[in-house]
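Working notes, beginning with the structure itself.
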Amino acid sequence: SQMNAFDIISMSTGFDLSGLFEEPD
Amino acid sequence: MGCISSKHIKHTPGYEEPNILASETCFTVNEVQALYELFKKISCSIIKDGLIHKEEFQLALFRNSNNKNLFADRVFDLFDIKRNGVIEFGEFVRSLSVFHPGAPTADKIAFAFRLYDLRQTGCIERDELKEMVLALLKESDLTLSDDVVEQIVEKTFREADAKGDGRIDLDEWKDFVAKNPSLLKNMTLPYLKDITLAFPSFVTNTEEVDV
Numbered sequence: 046s047q048m049n050a051f052d053i054i055s056m057s058t059g060f061d062l063s064g065l066f067e068e069p070d
Numbered sequence: 035m036g037c038i039s040s041k042h043i044k045h046t047p048g049y050e051e052p053n054i055l056a057s058e059t060c061f062t063v064n065e066v067q068a069l070y071e072l073f074k075k076i077s078c079s080i081i082k083d084g085l086i087h088k089e090e091f092q093l094a095l096f097r098n099s100n101n102k103n104l105f106a107d108r109v110f111d112l113f114d115i116k117r118n119g120v121i122e123f124g125e126f127v128r129s130l131s132v133f134h135p136g137a138p139t140a141d142k143i144a145f146a147f148r149l150y151d152l153r154q155t156g157c158i159e160r161d162e163l164k165e166m167v168l169a170l171l172k173e174s175d176l177t178l179s180d181d182v183v184e185q186i187v188e189k190t191f192r193e194a195d196a197k198g199d200g201r202i203d204l205d206e207w208k209d210f211v212a213k214n215p216s217l218l219k220n221m222t223l224p225y226l227k228d229i230t231l232a233f234p235s236f237v238t239n240t241e242e243v244d245v
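Same order as they appear, the protein sequences are chains A and B.
The first sequence begins at 46 in the working numbering and counts up by one.
The second sequence begins at 35 in the working numbering and counts up by one.
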């Protein structure tokens with residue numbers, strides 16, 4: 046695999062804060 | 035106490051003036067005001083005290099306050115600058131500023147490093163990295179054998195741990211990120227570039243309250 050461990054970790058949704066800005070359904 | 039009515043100029047505990055926060059961050063005064071509307075919404079979602087608790091942070095991120103996630107925990111801890119278990123408005127704005135498209139790359143690199151330095155030893159250690167990968171796999175639907183995880187961690191350390199001492203320090207991390215800029219992808223939130231346009235309802239509300 047070409048991915049390193051940090052690439053895999055950064056796929057975690059907890060590291061993506063965009064959810065904070067989304068209006069609830 | 036309680037949620038703050040938009041009809042009264044009564045602020046959340048630990049409120050800081052938008053013009054001061056704007057002078058210390060990448061945001062304009064209007065953007066700080068828009069962030070205040072977002073902050074009020076998140077900080078009153080479960081415990082109505084105008085402070086963001088971990089459950090509220092996770093609820094905002096995942097729409098589910100019970101969704102345990104190692105990185106959401108770590109991000110919360112880094113936002114909680116005073117380490118008192120809650121995020122105040124000033125902490126929210128200062129921390130989000132690191133994620134602004136205009137924030138210095140060095141700040142993004144340092145924040146990501148602290149995020150990965152789980153035990154806050156000043157280095158990312160080999161077993162720490164493996165623990166993070168395993169935790170992520172456990173929390174998601176991804177399945178990788180222990181051998182494959184070991185190979186990935188080994189490969190990452192071969193590339194990142196230039197001194198070969200089994201730890202990635204901040205200088206090594208900076209070099210590694212320079213070669214792998216995609217590692218900072220999540221450190222920039224395009225939403226923040228012009229939050230007042232992205233969330234016009236916030237601006238309408240803040241004009242009523244804060245002018």
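The beta-carbon is built from N, C-alpha and C at its ideal position, and this holds for glycine as well.
Proximity winner among the options, relative to residue i (alpha-carbon distances)
i                     : options                    : result
residue 225 (chain B) : B:141, B:130, B:116        : B:130
residue 103 (chain B) : B:161, B:124, B:165        : B:165
residue 50 (chain A)  : B:80, B:167, B:196         : B:167
residue 55 (chain B)  : B:128, B:45, B:113, B:106  : B:128
residue 163 (chain B) : B:71, B:201, B:50          : B:201
residue 215 (chain B) : B:203, B:204, B:115, B:143 : B:143
residue 60 (chain A)  : B:145, B:188, B:161, B:231 : B:145
residue 57 (chain A)  : B:137, B:221, B:115        : B:221
residue 74 (chain B)  : B:126, B:173, B:187        : B:126
residue 109 (chain B) : B:70, B:152, B:48          : B:152
residue 139 (chain B) : B:228, B:50, B:209         : B:209
residue 173 (chain B) : B:101, B:223, B:112, B:62  : B:101
residue 154 (chain B) : B:112, B:133, B:223        : B:112
residue 114 (chain B) : B:71, B:72, B:134, B:48    : B:48
residue 213 (chain B) : B:227, B:223, B:141, B:193 : B:193
Residue environment, residue i, which counts as buried when at least 16 other CB atoms sit within 10 Å
i                     : result
residue 67 (chain B)  : buried
residue 57 (chain B)  : exposed
residue 179 (chain B) : exposed
residue 190 (chain B) : buried
residue 242 (chain B) : Note that residue 242 (chain B) scores a pLDDT of 43, beneath 50, so its modelled location is shaky and nothing firm can be said.
residue 249 (chain B) : Since the displayed chain B opens at 35 and closes at 245, residue 249 (chain B) lies outside it and no answer follows.
residue 124 (chain B) : buried
residue 176 (chain B) : exposed
residue 62 (chain A)  : buried
residue 52 (chain B)  : buried
residue 181 (chain B) : exposed
residue 188 (chain B) : exposed
residue 161 (chain B) : exposed
Own chain partners of residue i with C-beta closer than 7 Å, once the 5 adjacent residues on each side are dropped
i                     : result
residue 95 (chain B)  : 106
residue 169 (chain B) : 104
residue 77 (chain B)  : 46, 84, 85, 86, 90
residue 211 (chain B) : 143, 217, 218
residue 137 (chain B) : 60, 131
residue 35 (chain B)  : A caution first: residue 35 (chain B) carries a pLDDT of 48, below 50, which makes its placement in the model unreliable, though a value can still be read off. Once the five neighbours on either side are set aside, the close Cβ partners of residue 35 (chain B) are 83.
residue 62 (chain B)  : 56
Neighbourhood of residue i by C-beta distance below 8 Å, restricted to the same chain and skipping five residues each side
i                     : result
residue 99 (chain B)  : 80, 89, 90, 92, 93
residue 147 (chain B) : 158, 204, 207
residue 184 (chain B) : 164
residue 171 (chain B) : 177, 178, 183
Sequence-distant residues of its chain with Cβ nearer than 6 Å to residue i (five each side left out)
i                     : result
residue 69 (chain B)  : 127
residue 150 (chain B) : 158
Give, in chain order, every residue of the segment 104–117 of chain B whose Cβ lies closer than 9 Å to some Cβ of chain A.
Under the 9 Å Cβ criterion, the segment 104–117 of chain B contributes 104, 105, 106, 107, 108, 109.
Report the residues of the segment 179–199 of chain B with a CB closer than 7 Å to any CB of chain A, ordered along the chain.
Within the segment 179–199 of chain B, those residues whose Cβ lies closer than 7 Å to any Cβ of chain A are, in chain order, 186, 187, 189, 190, 193.
Contact between the segment 197–211 of chain B and the segment 59–70 of chain A: three or more CB pairs below 8 Å?
Touching, no, given that fewer than three Cβ pairs across the two stretches are closer than 8 Å.
Within the chosen definition, does the segment 79–99 of chain B reach the segment 114–128 of chain B through at least 3 CB pairs nearer than 8 Å?
By the Cβ criterion, the segment 79–99 of chain B is in contact with the segment 114–128 of chain B, since at least three pairs of Cβ atoms, one from each stretch, lie closer than 8 Å.
Anything in the segment 162–176 of chain B with a Cβ closer than 9 Å to a Cβ of chain A? List those residues in chain order, please.
Within the segment 162–176 of chain B, the residues whose Cβ lies closer than 9 Å to some Cβ of chain A are 163, 164, 166, 167, 169, 170, 171, 173, 174, 176, listed in chain order.
For the segment 85–96 of chain B, list every residue whose C-beta sits within 7 Å of some C-beta in chain A, in sequence order.
Per Cβ criterion, the list reads 94, 95, 96.
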